[in-house]
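*Asks:*
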């Protein structure tokens with residue numbers, strides 16, 4: 001880190017050049033503060049893995065300079081890494097009440113709630129973390145208590161948007177007004193660090209309040225059971241669905257642990273006060289089909305979520321031909337295949353599906369171009385730093401900002417160490433960045449030995465060979481071969497016999513050193529597998545001297 005006084009530094013350890021896993025560092029006068037600490041979800045690159053965590057080694061190597069973690073809102077890509085990394089970081093977490101409640105629940109699940117300090121800050125309240133002054137600025141988003149941050153240092157003032165949109169008719173919460181944002185701009189904003197997710201959208205995202213009409217129409221038209229899947233954290237959408245259930249005369253059933261958690265925390269914070277009483281899945285199944293509305297998790301195709309189990313018939317809620325599933329959410333890039341798999345399963349059961357392409361059943365929580373332009377006008381920043389997007393989003397956001405009169409932009413990527421002030425913004429170094437994976441209860445490097453071995457096995461299969469040799473280095477008995485994932489199917493026995501012969505022949509080759517003999521057997525069996533299948537499987541050799 002630069003040791004110069006009165007510099008304002010920025011470094012993203014996640015969330016720049018990708019969507020998800022947001023971790024941002026601000027530095028001043030030899031001190032750092034972290035903004036958000038999220039996860040992303042694994043894909044086929046990480047077999048057997050659900051969660052991907054940020055590698056925080058850059059700040060972990062200088063923990064004595066970290067003063068705290070400030071959280072903008074409670075989505076997984078902003079708080080999901082805290083249960084696994086916050087204890088080691090050893091600094092307080094600052095969050096508003098709803099977000100703090102979600103974090104506390106996660107820490108309790110990991111049994112570390114007593115070891116991590118959470119300092120609850122009210123929306124709109126100013127506070128300090130080390131040499132940094134902070135102010136939470138309420139913004140609209142698809143979760144309660146989403147906040148932008150005004151970050152004050154002697155070197156400069158930053159407006160860090162977090163995830164946001166403009167909403168003239170929000171269902172929950174009161175976001176900052178244009179007048180309030182203009183007043184913040186009047187104080188002088190040196191740097192706008194801004195969400196880039198929807199920068200390609202020429203239209204505004206739309207108001208959450210307008211979704212109720214679309215959902216009411218879609219659910220009123222349904223004749224059988226209705227399942228609506230939405231993001232569990234979208235308490236505003238839950239509020240809307242509660243109202244629609246009442247208006248359509250349907251009992252409300254909630255399916256999914258994360259929905260139960262969100263409802264519990266929201267009610268504890270004074271939200272969802274008029275949310276109707278719910279019925280259990282078992283009660284819902286005893287009611288007439290046109291008298292039930294089910295809200296379920298799993299709209300992104302998650303294998304273990306409620307919707308996937310409903311689709312495959314492995315859930316108490318059962319669907320039949322003529323029932324309806326409404327996807328009140330947007331497909332997150334990368335989830336198309338998983339979502340399509342569930343939709344195909346539902347279609348095969350004769351279930352009708354409604355998505356945002358067929359009806360107005362969802363609005364995004366991120367700003368389109370008109371909203372970005374409006375914020376620029378209110379804040380009048382000197383510099384724009386796009387974040388929360390892939391490189392195509394960041395570059396387009398920079399071009400859009402310049403076209404709307406922002407004097408300077410800087411496109412950075414995870415690991416770029418940036419000096420924001422004084423003077424023109426510039427990249428001055430690079431921090432190590434990477435990914436970790438949560439594998440069961442163990443945190444591992446995403447490209448370490450364990451995951452690379454698993455990738456090789458998933459691609460090529462695995463063969464185990466056990467060979468007993470005498471002191472004269474001759475085979476004692478017969479080699480034994482076992483297979484996993486080798487594409488020999490009905491020729492399996494013939495292949496095993498051939499592989500066992502190859503192992504025995506390798507022993508007869510005359511090597512006397514056990515390590516050399518083990519390698520000769522491994523290569524001989526792999527060549528046999530390649531000859532049969534064209535693949536090069538992982539071959540493990542157990543060599544016993546008898």
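Numbering (full-length UniProt numbering), first residue to last: 1 to 546. Glycine included, each C-beta is placed from N, C-alpha and C at the ideal position.
#1: Do residue 380 and residue 408 come within 8 Å of each other at the CB atom, strictly closer than that value?
#2: With DSSP run on the structure shown, which of helix, strand or coil describes residue 319?
#3: What residues in its chain sit with their C-beta under 6 Å from that of residue 464, if we drop five residues either side in the sequence?
#4: State buried or exposed for residue 123, treating a residue as buried only when at least 16 other CB atoms are found within 10 Å of its CB.
#5: Could you check the C-alpha separation between residue 373 and residue 78 for me, to the nearest Å?
#6: Output the boundary residues of the alpha helix (DSSP H) element that contains residue 354.
#7: Taking the alpha-carbon positions, what's the residue 241 to residue 401 distance?
#8: Could you tell me how far apart the beta carbons of residue 20 and residue 40 are, in whole angstroms, since I believe they sit closer than 8 Å?
#9: Under the assumption that residue 475 contacts residue 497 (Cβ atoms under 8 Å), give the Cβ distance between them as a whole number of angstroms.
#10: Taking just the CA atoms, how far does residue 312 sit from residue 33?
#11: Select from 151, 203 and 67 the residue whose C-alpha is nearest the C-alpha of residue 119.
#12: Residue 118 lies in the alpha helix (DSSP H); which residues open and close that run?
#13: Considering only residues of the segment 486-537, which uninterrupted alpha helix (DSSP H) runs meet the minimum length of 4 residues and lie entirely inside it, listed in chain order?
#14: DSSP state of residue 338, grouped into three classes?
#15: Measuring from the CB of residue 444, is there a heavy atom of the ligand SAH at a distance below 7 Å?
#16: For residue 528, would you say it is in contact with chain C, using Cβ-to-Cβ distances shorter than 8 Å as the test?
#17: Going along the chain, which unbroken runs of the alpha helix (DSSP H) with 4 or more residues stay wholly within the segment 57-101?
#18: Got a sec? Which residues, its chain only, sit under 7 Å from residue 578 by beta carbon, not counting five neighbours each side?
#19: Can you give me the start and stop residues for the alpha helix (DSSP H) that residue 156 sits inside?
#20: For residue 414, I'd like the list of residues in its chain whose CB is within less than 8 Å of its CB, leaving aside the five on either flank, ordered along the chain.
#21: Report yes if the C-beta distance between residue 170 and residue 209 is below 8 Å; otherwise report no.
#22: Which runs of the beta strand (DSSP E), 3 residues or longer, sit entirely within the segment 430-465?
#23: Whole angstroms are fine: how far does the CA of residue 337 sit from the CA of residue 219?
#24: Using CA coordinates, which residue listed in 133, 73 and 85 is at the minimum distance from residue 59?
#25: Does DSSP put residue 343 in a helix, in a strand, or in coil?
#26: Which class does residue 386 belong to by DSSP, given the choice of helix, strand or coil?
#27: On the three-pair Cβ rule with 8 Å, is the segment 515-525 touching the segment 438-455?
#28: Specify the secondary structure class of residue 312 as computed by DSSP and reduced to three states.
#29: Among the residues of its own chain, which have a CB less than 6 Å from the CB of residue 293, if the five just before and after it don't count?
#30: Check for me: the beta strand (DSSP E) holding residue 33 runs from which residue to which?
#31: In whole angstroms, give me the CA-to-CA distance for residue 530 and residue 538.
*Replies:* The answer reads as follows:
#1: What you label residue 408 is simply residue 408 of the chain shown in a count that begins at 1. What you label residue 380 is simply residue 380 of the chain shown in a count that begins at 1. Not in contact: residue 408 and residue 380 (Cβ atoms no closer than 8 Å).
#2: Residue 319 sits at position 319 when you count from the first residue of the chain shown. Coil.
#3: In the chain shown, the residue the question calls residue 464 occupies position 464. Result list for residue 464: 482 and 540, in chain order.
#4: Locating residue 123 in the chain shown gives position 123, counting from the first residue. By the neighbour-count rule (16 or more Cβ atoms within 10 Å), residue 123 is buried.
#5: The residue labelled residue 373 in the question sits at position 373 within the chain shown. The residue labelled residue 78 in the question sits at position 78 within the chain shown. Their Cα atoms are separated by approximately 25 Å.
#6: Residue mapping note: residue 354 aligns to position 354 of the chain shown, counting from 1. Here residue 354 belongs to no alpha helix (DSSP H); instead the beta strand (DSSP E) covers 352-354.
#7: Locating residue 241 in the chain shown gives position 241, where the first residue counts as 1. Locating residue 401 in the chain shown gives position 401, where the first residue counts as 1. In a straight line, the C-alpha of residue 241 is about 37 Å away from that of residue 401.
#8: The residue you call residue 20 lines up with position 20 of the chain shown. The residue you call residue 40 lines up with position 40 of the chain shown. Confirmed, Cβ separation roughly 3 Å.
#9: Here residue 475 refers to the residue found at position 475 when the chain shown is read from its first residue. Here residue 497 refers to the residue found at position 497 when the chain shown is read from its first residue. Actually they are not in contact, since the Cβ atoms of residue 475 and residue 497 sit about 15 Å apart, beyond 8 Å.
#10: Taking the chain shown and counting its residues from 1, the one referred to as residue 33 is at position 33. Taking the chain shown and counting its residues from 1, the one referred to as residue 312 is at position 312. Approximately 46 Å, taken between the alpha carbons.
#11: Taking the chain shown and counting its residues from 1, one reaches residue 119 at position 119. With distances taken between Cα atoms, residue 119 lies closest to 67.
#12: Taking the first residue of the chain shown as position 1, residue 118 is located at position 118. Taken as a continuous stretch (DSSP letters only), residue 118 belongs to no alpha helix (DSSP H), being part of the beta strand (DSSP E) at 118-120.
#13: 492-507 and 514-533
#14: For the purposes of this step, residue 338 is taken as residue 338 along the chain shown, with counting starting at 1. Residue state, collapsed to three classes: helix.
#15: The ligand content of the structure shown is nil, which means the ligand SAH is not present either.
#16: Protein chains in the displayed structure number just one, and chain C is not present.
#17: 57-60, 76-79 and 82-89
#18: The chain is shown only over 1 to 546; residue 578 falls outside these bounds and no answer can be derived.
#19: Taking the first residue of the chain shown as position 1, residue 156 is located at position 156. Taken as a continuous stretch (DSSP letters only), residue 156 belongs to no alpha helix (DSSP H), being part of the beta strand (DSSP E) at 156-160.
#20: Residue 414 sits at position 414 when you count from the first residue of the chain shown. Around residue 414: 12, 13, 14, 15, 16, 17, 18 and 433.
#21: Position 170 of the chain shown holds residue 170. Position 209 of the chain shown holds residue 209. Result yes, Cβ atoms of residue 170 and residue 209 sit closer than 8 Å.
#22: 435-439 and 442-445
#23: To locate residue 219, count along the chain shown from 1; it is residue 219. To locate residue 337, count along the chain shown from 1; it is residue 337. Cα to Cα, residue 219 sits roughly 26 Å from residue 337.
#24: The sequence position of residue 59 within the chain shown is 59, counting from 1. Closest by alpha carbon: 85.
#25: What you label residue 343 is simply residue 343 of the chain shown in a count that begins at 1. Here residue 343 sits in helix by DSSP.
#26: The residue given as residue 386 occupies position 386 in the chain shown. Note: residue 386 maps to strand in three-state DSSP.
#27: no
#28: As a position in the chain shown, residue 312 is number 312, starting the count at 1. In the structure shown, residue 312 sits in coil (DSSP, three-state: anything other than H, G, I, E or B).
#29: Position 293 of the chain shown, counted from the first residue, corresponds to residue 293. Contacts found: 226, 245, 250 and 252.
#30: The residue labelled residue 33 in the question sits at position 33 within the chain shown. From DSSP, the beta strand (DSSP E) with residue 33 extends over 31-35.
#31: The sequence position of residue 530 within the chain shown is 530, counting from 1. The sequence position of residue 538 within the chain shown is 538, counting from 1. Distance between the alpha carbons of residue 530 and residue 538 is about 11 Å.
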